[in-house]
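Take a look at the structure set out below.
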Amino acid sequence: MRLHRLDVTAFGPFGDSQSVDFDALSAAGLFLLHGPTGAGKTSVLDAVCYALYGSVPGARHSGQGQSLRSDHADPATRTEVRLELTVAGRRLEITRQPPWERPKKRGAGTTLDKAQTWLRAYDPAAGGWRDLSRSHQEIGEEITQLLGMSREQFCQVVLLPQGDFARFLRADAEARAKLLGRLFDTRRFADVEKGLAERRRATEARVREGDAALLADAHRMQQEAGDAMELPEVAPGEPGLAEAVLGAAAVARSTARERLTVAHCRLTAAESAQATADRALAGVRELARLQDRFAEARRRAALLEEQAGAHREAQARMERGRKAETVAPALELREAAEAEHRRTAAAETHARGLLPQDFADAGAAGLAAAARRAAEELGGLESARRAEQRLAELVAERAGLDRQERADEEVLREAGTWLAGWDATRAGLQSRLESAQEAATRAEQLAVQREPARRRLAAARLRDQLAGDTETARQRALGSERDALAARAHWLDLKEQRLNGIAAELAANLTDGEPCAVCGATEHPAPARRVAGHVDREAEERAQAAHQRADERRAESERRLGVVREALAAATAEAGDTPTEQLAAQTDELEREYTRARRTASGLHAAREELRRTEQERERRLTDRQQAEVRAASRLTLRDALDQERAFLEEELAQARGDAGSVAARATQLERQTALLTDAADATRAAEDSARRLKDADARLADAAYRAGFATPRDAAAALLDDAAHRELQHLLDARQSEEAAVRAVLAEADTAAAARRPPADLQAAERAAASAAGRLREAASARDAAARCCAELDRLSARAADGVRRLAPLREEYDRVARLAALTAGTSADNERRMRLESYVLAARLEQVAAAATVRLRSMSAGRYTLVHSDDRTGRGRSGLGLHVVDAWTGRERDTATLSGGETFFASLALALGLADVVTDEAGGVRLDTLFIDEGFGSLDDQTLDEVLDVLDSLRERDRSVGIVSHVADLRRRIHAQLEVVKGRSGSMLRGLG
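Each residue of the sequence shown is one higher than the last, beginning at 10 in the working numbering.
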């Protein structure tokens, strides 16, 4: 990387535009950047860093944005940094503008412009610059990729802050680890350590979880085995847990199997006793049953003897019933004939009662003849009946014509009235339709205007609100700025007081015989004394921290003010300068007009539908009027024909009706008379036939009763049994016969009779003995089942525990392996003799490279006296790996770098910085660094050492490098001809090239 040109405007102490031509300064290889304290020498380096990375290095990184702007700059001038450089063979130009609070172009107040960045590349073929990007993120990623370094690495490698490396020489291992970790990005090795530790904790938790499950199974086995199992006193995760649990489980299973064998033997004995008791109980029950059976048979025989008389009466009754059954058909026939005769006689009486008195004594033949005469007269009235029906139809048709005539007259009247107002109705509907269409068009136009009006009103209200918020934020920003300036002034005052009394602070650490850290003398005749009000490091650091907090609050207030102003500018651009009340009134009027137009336009569809319906109504009424006129003409002819036919039919019907009201009434009279005569004749004949059948049935019944042995038919009827009585009587006789047979069979049984002769059976004693044996059997079976369940459960739990041990074995091996690796990388393992963490080990290798590269230049600067070496010895109880020692060739001894004098510390730290730059460059991919800056420290060197240091720096030109020295040492201005002077003034600093 080579710098060509730097242009700054309103940046830091530079109030106007200043330029630095690095090509001219680098021509000599070594150039000096000098100027009085506070002039802005470091600001030049800040501008380079800001152009590349968008931020400045060190403590100044906390204040960005508007804090980079020069307080001497004109309000209308924007802060800008432009850097032209060559990196990776490409010539680039980077331009950055931080956020800028500028005056408004219209009106009072200020507005905030956002930060902007440009990246351009020089195109040799076209002879001009070509734009690459305007994105902050893209440009930052591109520059970081090209340089291969982060901002922190760049500030350490290119800007070479000597104070940091002097502290690095004297720092402990932890402080060196922080700096080296930032430069070489060893976070991946720290992540490996962290990952191994987390994996160790995870696997340990899983092992403990598996051991806890194993112990849970062991507790369940102990619950099942009882006192046959004793658990080991081990906790989850301890070694030997699995073997102890499996051994205790094996003992428990063996004891459980012995108990199961004993339970089996007891169960076999109980089953044998139970079988003997059951057989004895069965014998006693059988004896009791036979004795009860014999006693029951004797009781039933006595009962049969008592019921013998009733049995003989039932047999006699059954015999009379059988004889009466032969007379039953004759009885049934006589009863049916008698019922038929009563029915026909009643029907004859009823039929004769409906006839006129003239037919009271007529026989069946006379009644039939009268019915035939009435039927003949009825047949002659059929033609008259049809004529009467036609006459009724004519009357109805004539009435229908009259109704139709009246309806047509009403239709013609309504149609005429409605059609007379058609033109006016149609004109009114057309006017309504046109008004609705105009309103719909107006509503569409207003709808387009509504949303912009609403947005302007909302923006205006937001503008009014943000106007007050802007003033509040501005007052807060001014207050924060005053607080920050006061805190900075307080910090600088304390810093100046401490620097004035630094001699006393250094003298406090002097020890007789020990070299001074400033001059190296071992005698201290007149050390400085602290005066009243002395400021120590802690007070200065507290003031500095307070200043940083106040500066952060100021930056946050300025950021909030910028956000509010941006929002106010956006709202003002949207709403314009129109007052909010006027915009609100305009918006309300627009809404009201839109509502009226929508309301009127909503009737457009209804108006179209009403016009269509009205036109359809007109066509219908025209059609109805035409049809009514046609019907009126046809009715005249039809009415005359109906009147003629009606007169002819009325004359014919007058002859056929006679004295009846109508032909139908006369026909009804004849039909009823014919029916009554026919019914009476039929009823008379049926009554005569039923009387003859009843007489024949009486004769046959008397003959049947005589043959069956009954004196009269009445006796036969009394002896006859119905089906229910016959079944009941037969059931009693059959039951008596069955009972007698059963009793005789039981009394004849030999074993039953033998059992009756034996003593009574003691059933309760036998049942108690059997119950006692069954209880002992159940207890033995329960004990056997419990022992079997215990064995099965112990086998199951033991198998699960063994399976868990097998499954846990790989995990336990993994835990042992991960734990060893985690302890080794964390430096806590006994195998790690020097207690070096993995990250420290990697950093130690890098530090060894840095020490080797720094030694090359340190030997030249110290005339071959000093050599930097890496040491991995432990310091106290801490860890080893990041120690630095210096080997003194004059004494041949190796000593700590803290023993170097002030000047020796400077050129040792310079050599270390240059060596570190070489190593970091190689680590970043070998990007060539053609421009370096060295900040201060030369005032502590004597002339000879200064010459040697300058010779080393001048040797860097051999690789076409240019080195810029930042210092205010006057002797350097004489030795280095190429110079860039920073001139301080009331209107800001200026840059001036010399030599």
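Ideal Cβ placement from N, Cα and C applies to all residues, glycine included. All values derive from a computational prediction rather than experimental measurement.
Inset, instruction - Would you tell me roughly how many angstroms separate the C-alpha atoms of residue 617 and residue 635, rounded to the nearest one? - result: 28 Å
Inset, instruction - Helix, strand or coil for residue 999, going by three-state DSSP, please let me know. - result: strand
Legend entry - Collapsed DSSP secondary structure at residue 23 in the structure displayed: strand
Inset, instruction - Excluding the 5 residues preceding and the 5 following residue 58 in the sequence, name in chain order all residues of the same chain whose CB lies nearer than 6 Å to its CB. - result: 65, 66
Inset, instruction - Would you mind reading off the limits of the alpha helix (DSSP H) that contains residue 431? - result: 431 to 509
Inset, instruction - Identify whether residue 653 lies in helix, strand or coil by the three-state DSSP scheme. - result: helix
Legend entry - residue 109 classed as buried or exposed, judged by whether at least 16 other C-beta atoms fall within 10 angstroms: buried
Legend entry - Boundaries (first-last residue) of the beta strand (DSSP E) holding residue 878: 875 to 880
Legend entry - residue 82 and residue 130 closer than 7 Å at C-beta: no
Legend entry - Reference residue 409; option with closest CA among 348, 648, 266: 648
Inset, instruction - For residue 942, write down the residues that DSSP places opposite it in a beta bridge. - result: 973
Legend entry - Simplified DSSP state of residue 75, which is helix, strand or coil: In this predicted model, residue 75 has a pLDDT of only 48, less than 50, meaning its place in the structure is not dependable; the value taken from the coordinates is given anyway. Residue state, collapsed to three classes: helix.
Inset, instruction - Going by CA-CA distance only, name the one from 869, 878, 833 that's closest to residue 854. - result: 878
Inset, instruction - Verify whether the separation of the beta carbon atoms of residue 486 and residue 570 is less than 7 Å. - result: yes
Inset, instruction - For residue 781, I'd like the list of residues in its chain whose CB is within less than 6 Å of its CB, leaving aside the five on either flank, ordered along the chain. - result: none
Inset, instruction - Report yes if the CB atom of residue 583 is closer than 7 Å to the CB atom of residue 468, and no otherwise. - result: yes
Inset, instruction - Give me the Cα-Cα distance between residue 157 and residue 96, rounded to the nearest whole angstrom. - result: 10 Å
Inset, instruction - Quick one: measure Cβ to Cβ for residue 35 and residue 15, integer angstroms, because I've assumed they're closer than 8 Å. - result: Their Cβ separation, rounded to whole angstroms, is 12 Å, which puts residue 35 and residue 15 out of contact at 8 Å.
Legend entry - DSSP three-state assignment for residue 40, whether helix, strand or coil: strand
Inset, instruction - Would you decide whether residue 643 is buried or exposed? Buried here means 16 or more other CB atoms lie within 10 Å of its CB. - result: exposed
Legend entry - Continuous beta strand (DSSP E) stretch holding residue 991: start and end: 987 to 992
Legend entry - Buried or exposed (CB count within 10 angstroms, at least 16 for buried), residue 572: exposed
Inset, instruction - Kindly indicate which three-state DSSP category residue 139 falls into: helix, strand or coil? - result: strand
Inset, instruction - Please name the residue or residues paired with residue 571 in a DSSP beta bridge. - result: DSSP lists no partner for residue 571.
Legend entry - Beta-carbon proximity list for residue 424, same chain, < 7 Å, skipping 5 on both sides: 630, 633, 634
Legend entry - Closest Cα partner of residue 233 within the set 586, 798, 715: 798
Inset, instruction - Could you check the C-alpha separation between residue 560 and residue 33 for me, to the nearest Å? - result: 38 Å
Legend entry - Spatial distance of residue 379 from residue 359 (CA atoms): 18 Å
Legend entry - Inter-stretch contact (C-beta, 8 Å, three-pair minimum) for the region 276 to 295 and the region 721 to 741: no
Legend entry - DSSP state of residue 905 mapped onto helix, strand, coil: strand
Inset, instruction - Apply the 10 Å Cβ neighbour rule to residue 117 and answer buried if 16 or more other Cβ atoms are within range, or exposed otherwise. - result: exposed
Inset, instruction - Verify whether the separation of the beta carbon atoms of residue 726 and residue 340 is less than 7 Å. - result: yes
Legend entry - Residue closest to residue 337, alpha-carbon to alpha-carbon, out of 744, 723, 318: 723
Legend entry - the region 441 to 454 contacting the region 599 to 614, beta-carbon criterion three pairs below 8 Å: yes
Legend entry - Identity of the residue in 581, 520, 708, 576 nearest residue 466 by Cα: 581
Legend entry - Beta-carbon proximity check, residue 60 vs residue 90, cutoff 7 Å: yes
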